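In the working numbering, the protein residues as written are 10 to 319.
Even for Gly, the Cβ is constructed at its ideal location relative to N, Cα and C.
Predicted model only: the values in this text are computed from it and were never measured.
Everything on this sheet refers to the single structure shown next.
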Ligand code: TXA
Ligand code: MG
């Protein structure tokens with residue numbers, strides 16, 4: 010066993026915070042059975058205490074021990090997609106305490122595939138509560154440097170840049186049917202046989218469901234491709250641009266993004282952080298195509314670009 014992983018597991022057991030890589034984004038982890046460890050976690054993120062957090066496990070069996078009812082669809086989904094970038098919301102068992110569920114009767118469960126995350130979870134043995142390792146409301150961290158810039162952990166495991174780059178797909182199976190709460194790399198097409206529904210006007214407190222979330226500090230504006238030129242002309246200096254097209258010489262900060270949605274997702278948060286740090290007034294984001302393979306990216310961009318709450 011890697012001595013770093015062993016030390017990280019000891020820190021978790023002692024109620025400390027460990028930031029670790031997953032295949033989606035970096036997580037900031039704490040022992041999910043310890044009220045004081047989870048309280049420290051929320052404080053480090055600046056997250057309101059009534060928001061539920063995802064609990065991570067090494068195995069499906071361990072994950073399901075936090076649920077009191079496991080619908081057949083949940084077993085099928087776990088078999089198909091775990092370990093991997095999928096979170097299942099199920100009715101909680103007594104093991105899932107109020108401080109990880111935000112007081113709700115359901116719990117978010119995930120078995121990540123990243124080898125470092127997996128080894129840490131296996132060595133630790135129990136559930137690890139881990140939100141994304143960024144300040145509440147900000148874009149998620151996809152490198153160890155992002156984590157270091159933003160949150161204070163007792164230990165940070167560096168696993169390089171996240172492979173997927175956006176957060177896991179979240180499916181809610183705690184009520185009737187299978188409801189898509191957050192799109193991700195695992196898409197509706199991948200889930201075809203599960204008859205996925207859209208969320209109704211539900212009472213779930215789901216912070217990824219807050220309108221402005223995953224947002225840079227600089228106001229971001231989504232611009233259709235054919236209007237980008239006019240928008241730059243109108244706003245003049247003071248804009249930073251995230252676009253598919255080649256840089257325009259009127260703009261000092263321009264990041265050209267790939268036309269492949271997978272690679273775009275992988276680079277998205279690093280790009281938003283970089284443009285945010287440029288000190289511009291506005292970030293103009295060229296809208297991606299309206300096609301289904303861009304659903305998860307469009308979801309994150311529209312949240313990043315939502316107008317700040319008054
Ligand atoms: O990819 C991911 O899911 C990453 C990595 C670290 O695993 N984690 C992540 O965690 O994105 P976080 O806390 O930033 O976002 C988790 C989302 C939140 O929107 C939260 O409200 C929702 O999951 N969630 C967790 N438990 C829930 C529950 N019982 N009911 C409804 N939503 C829940
Ligand atoms: Mg988050």
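Under 7 Å between C-beta atoms of residue i and residue j
{"i": "residue 234", "j": "residue 295", "result": "yes"}
{"i": "residue 172", "j": "residue 94", "result": "no"}
{"i": "residue 248", "j": "residue 293", "result": "yes"}
{"i": "residue 66", "j": "residue 116", "result": "no"}
{"i": "residue 144", "j": "residue 153", "result": "no"}
{"i": "residue 306", "j": "residue 274", "result": "yes"}
{"i": "residue 148", "j": "residue 37", "result": "no"}
{"i": "residue 23", "j": "residue 132", "result": "no"}
{"i": "residue 39", "j": "residue 138", "result": "yes"}
{"i": "residue 162", "j": "residue 310", "result": "no"}
Cβ shell of residue i (< 7 Å), same chain only, five flanking positions each side left out
{"i": "residue 187", "result": "82, 180, 203, 204, 205 and 206"}
{"i": "residue 127", "result": "67, 92 and 121"}
{"i": "residue 226", "result": "285"}
Straight-line gap, residue i to residue j (C-alpha atoms, nearest Å)
{"i": "residue 308", "j": "residue 192", "result": "7 Å"}
{"i": "residue 85", "j": "residue 130", "result": "22 Å"}
{"i": "residue 146", "j": "residue 282", "result": "13 Å"}
{"i": "residue 243", "j": "residue 49", "result": "46 Å"}
{"i": "residue 46", "j": "residue 61", "result": "15 Å"}
{"i": "residue 264", "j": "residue 101", "result": "43 Å"}
{"i": "residue 178", "j": "residue 194", "result": "7 Å"}
{"i": "residue 197", "j": "residue 299", "result": "15 Å"}
{"i": "residue 77", "j": "residue 105", "result": "10 Å"}
{"i": "residue 20", "j": "residue 297", "result": "42 Å"}
{"i": "residue 41", "j": "residue 255", "result": "46 Å"}
{"i": "residue 259", "j": "residue 240", "result": "12 Å"}
{"i": "residue 279", "j": "residue 98", "result": "28 Å"}
{"i": "residue 28", "j": "residue 35", "result": "7 Å"}
{"i": "residue 212", "j": "residue 250", "result": "With a pLDDT of 45 at residue 212, under the threshold of 50, the predicted position of this residue should be treated as unreliable, though the coordinate-derived value follows. Those two C-alpha atoms are separated by around 36 Å."}
{"i": "residue 75", "j": "residue 245", "result": "54 Å"}
Bridge partner(s) assigned by DSSP for residue i
{"i": "residue 262", "result": "249"}
{"i": "residue 295", "result": "232"}
{"i": "residue 65", "result": "119 and 137"}
{"i": "residue 101", "result": "76"}
{"i": "residue 38", "result": "27"}
{"i": "residue 191", "result": "179"}
{"i": "residue 164", "result": "27"}
{"i": "residue 363", "result": "The structure shown does not extend to residue 363, since the chain is modelled only from 10 to 319, so the question has no answer here."}
Own chain, CB closer than 6 Å to residue i, minus 5 neighbours either side, in chain order
{"i": "residue 30", "result": "123, 125 and 168"}
{"i": "residue 73", "result": "79"}
{"i": "residue 229", "result": "292, 294, 313 and 314"}
{"i": "residue 44", "result": "108"}
{"i": "residue 346", "result": "Here the chain has residues from 10 to 319 only, and residue 346 is not among them."}
{"i": "residue 111", "result": "59, 60, 61 and 214"}
Neighbourhood of residue i by C-beta distance below 8 Å, restricted to the same chain and skipping five residues each side
{"i": "residue 11", "result": "128"}
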